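Shown next, in structure tokens, is the structure this report addresses.
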Amino acid sequence: MPQKSYDILAVGNAIIDVFSQCDDDFLQQHSIEKGGMNLQMRRHLNRFLRPFRRLRPRN
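Numbering (the numbering used here), first residue to last: 174 to 232.
Below is the structure:
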């Protein structure tokens, strides 16, 4: 049986996980469910990351 070949193009966005510690007030201010997932558009991401810029990454 001959093999079929296909040309495929996929377009999408990569999902990036951001982990950080924050208090419950931060979660409430941004309507984020504790332990949940919050998908954000790139244009809104900076307002969530701004408070964490002073933190250093951990290995």
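Yeah, the Cβ is synthetic: ideal placement off N, Cα and C, and Gly gets one too. Note that the structure is a prediction, hence the values are computed from the model and not measured.
Asked	Found
Nearest-angstrom Cβ-Cβ length linking Pro224 and Phe199, presumed shorter than 8 Å	7 Å
Boundaries of the alpha helix (DSSP H) in which Leu182 is found, first to last residue	No alpha helix (DSSP H) contains Leu182, which DSSP labels as neither H nor E.
Asn211 in three-state terms, based on DSSP	coil
Short CB-CB distance (under 8 Å) between Asn186 and chain C	Reference to chain C is not applicable here, since this structure consists of a single protein chain.
Backbone CA spacing between Ser204 and Val184 [nearest angstrom]	30 Å
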